[in-house]
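*Asks:* Just so you know, the sequence shown maps onto residues 67 to 287 in the working numbering.
All residues carry an ideal CB built from backbone N, CA and C; glycine is no exception.
Please read these numbers as outputs of a predicted model, since none were measured by experiment.
Shown below is the structure under consideration.
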Amino acid sequence: MLMLQEEPLVIPAGIVDLDSFRRWSLSPDFPQTGKIDFIAGNIEVDMSPANVWKHSSLKTDLGIELGGLVRQLGKLFIDQTRVVSPAAGLSREPDIVFVSWESLKSGRVVLRPGAAGPQEFMELEGGPDLIVEVVSPSSVTKDTRRLPPIYFLAGVGEYWIADARADEPTLTIMHRGKQKFEAAKSDAEGFQHSKVLGSSFRLTSQPGPVPHSIVYTLHRR
Numbered sequence: 067m068l069m070l071q072e073e074p075l076v077i078p079a080g081i082v083d084l085d086s087f088r089r090w091s092l093s094p095d096f097p098q099t100g101k102i103d104f105i106a107g108n109i110e111v112d113m114s115p116a117n118v119w120k121h122s123s124l125k126t127d128l129g130i131e132l133g134g135l136v137r138q139l140g141k142l143f144i145d146q147t148r149v150v151s152p153a154a155g156l157s158r159e160p161d162i163v164f165v166s167w168e169s170l171k172s173g174r175v176v177l178r179p180g181a182a183g184p185q186e187f188m189e190l191e192g193g194p195d196l197i198v199e200v201v202s203p204s205s206v207t208k209d210t211r212r213l214p215p216i217y218f219l220a221g222v223g224e225y226w227i228a229d230a231r232a233d234e235p236t237l238t239i240m241h242r243g244k245q246k247f248e249a250a251k252s253d254a255e256g257f258q259h260s261k262v263l264g265s266s267f268r269l270t271s272q273p274g275p276v277p278h279s280i281v282y283t284l285h286r287r
């Protein structure tokens, strides 16, 4: 049996600020696996595998639902789309990102190319209209405590946190307040209003057709 030894993750010397991290992230030497972020002066690496049903499936189902909803309004990105904000000291690949055509036209969000050429866009710089993070056991503190103020400072229009670790999934929609994100109030049926999308939403789940599978539904009204 042939076994290949994985190369260890090595952070090059000289990665001391957002600018040097951006140069590294756009270079051929940047690792192609794992989540490597620059958040408020720190390089954060998460190599944890994603739970198939409680993370990957939820992210996919949310992406499908939101992708159809915003098709005429802008573009939805799932994974491997790096959001950069010099104002917030941020370079990160969120789970789901929505950027409206209006934000791109106005320059509130700018496409930045990489080293491969001027049309090889590798970063979204600025504050996207909506970011969704799906909570995993290794990202609880990051998603719920550390990222909200960073995303707020970056100018993100709205922040959603989806969490399927318990038996019933939860969705928290956070609006921009004067100084921080503030959680939207749920109505009697559990719907929360999204100012960015102009609708109210509720997240539910049900068993799939094969053992242990889960199907998620993002209800809208």
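In angstroms with no decimal places, state the Cα-to-Cα distance between Gly-183 and Pro-235.
*Replies:* The sequence position of residue 183 within the sequence shown is 117, counting from 1. The sequence position of residue 235 within the sequence shown is 169, counting from 1. So the two alpha carbons sit approximately 42 Å from each other.
*Asks:* Need the endpoints of the alpha helix (DSSP H) that Leu-132 sits in, please.
*Replies:* Translated into positions along the sequence shown, residue 132 becomes position 66. Residues 123–135.
*Asks:* Taking the beta strand (DSSP E) that Ala-220 falls in, what are its first and last residues?
*Replies:* Here residue 220 refers to the residue found at position 154 of the sequence shown. Segment 213–220 is the alpha helix (DSSP H) holding Ala-220; no beta strand (DSSP E) there.
*Asks:* Taking the CB atoms as reference points, tell me whether Glu-224 and Val-163 lie closer together than 8 Å.
*Replies:* Position 158 of the sequence shown, counted from the first residue, corresponds to residue 224. Position 97 of the sequence shown, counted from the first residue, corresponds to residue 163. Not a contact, by the Cβ cut-off of 8 Å.
*Asks:* Tell me whether Leu-177 sits in a helix, a strand or coil according to DSSP, three-state version.
*Replies:* Here residue 177 refers to the residue found at position 111 when the sequence shown is read from its first residue. Looking at Leu-177 - three-state DSSP - the assignment turns out to be strand.
*Asks:* Residues in its own chain within less than 6 Å of Asp-103 by CB, not counting five upstream and five downstream?
*Replies:* Reading the sequence shown from its first residue, position 37 is the one you call residue 103. Cβ neighbours of Asp-103 beyond the five flanking positions: Glu-110, Arg-158.
*Asks:* Could you give the first and the last residue of the continuous alpha helix (DSSP H) run that contains Glu-199?
*Replies:* Reading the sequence shown from its first residue, position 133 is the one you call residue 199. No alpha helix (DSSP H) contains Glu-199, which is instead part of the beta strand (DSSP E) from 196–200.
*Asks:* So, with DSSP's three-state summary, where would you put Thr-147?
*Replies:* Working through the sequence shown from its first residue, we reach residue 147 at position 81. Coil at Thr-147, not helix or strand.
*Asks:* Measure the C-alpha to C-alpha separation of Ala-250 and Ala-79 and round it to an integer number of angstroms.
*Replies:* Here residue 250 corresponds to residue number 184 of the sequence shown, with the count starting at 1. Here residue 79 corresponds to residue number 13 of the sequence shown, with the count starting at 1. Ala-250 and Ala-79: Cα-Cα distance of roughly 43 Å.
*Asks:* According to DSSP, Gly-264 sits in a beta bridge with which residue or residues?
*Replies:* Mapped onto the sequence shown, residue 264 falls at position 198. Answer by DSSP bridge pairing: none, since Gly-264 is not bridged.
*Asks:* Could you tell me the boundaries of the alpha helix (DSSP H) in which Ser-91 lies?
*Replies:* Position 25 of the sequence shown, counting from 1, holds the residue named residue 91. Here the alpha helix (DSSP H) through Ser-91 covers 84–91.
*Asks:* Just to confirm, are Asp-229 and Val-198 a CB contact at a threshold of 8 Å?
*Replies:* To locate residue 229, count along the sequence shown from 1; it is residue 163. To locate residue 198, count along the sequence shown from 1; it is residue 132. No; because the gap between Cβ atoms is not below 8 Å, this pair is not in contact.
*Asks:* If the criterion is Cβ atoms closer than 8 Å, does the pair Gly-221 and Gly-193 meet it?
*Replies:* Along the sequence shown, read from residue 1 onward, the residue named residue 221 stands at position 155. Along the sequence shown, read from residue 1 onward, the residue named residue 193 stands at position 127. Contact: yes.
*Asks:* Helix, strand or coil: how does DSSP classify Asp-50 here?
*Replies:* With the chain running from 67 to 287 in the structure shown, residue 50 is simply not present.
*Asks:* Here's the rule: buried if 16 or more other CB atoms are within 10 angstroms of the residue's CB, otherwise exposed. What is His-278?
*Replies:* Residue numbering aside, residue 278 sits at position 212 when the sequence shown is read from its first letter. It counts as exposed.
*Asks:* Given a threshold of 16 other Cβ atoms within 10 Å of its Cβ, counted over all protein chains shown, does Pro-115 qualify as buried or as exposed?
*Replies:* Taking the first residue of the sequence shown as 1, we reach residue 115 at position 49. When all chains shown are included, Pro-115 counts as exposed.
*Asks:* Under the rule that 16 or more other beta-carbon atoms within 10 Å means buried, what is Asp-112, buried or exposed?
*Replies:* The sequence position of residue 112 within the sequence shown is 46, counting from 1. That one is exposed.
*Asks:* On the three-state DSSP scale, how would you describe Leu-139?
*Replies:* Residue mapping note: residue 139 aligns to position 73 of the sequence shown, counting from 1. Note: Leu-139 maps to coil in three-state DSSP.
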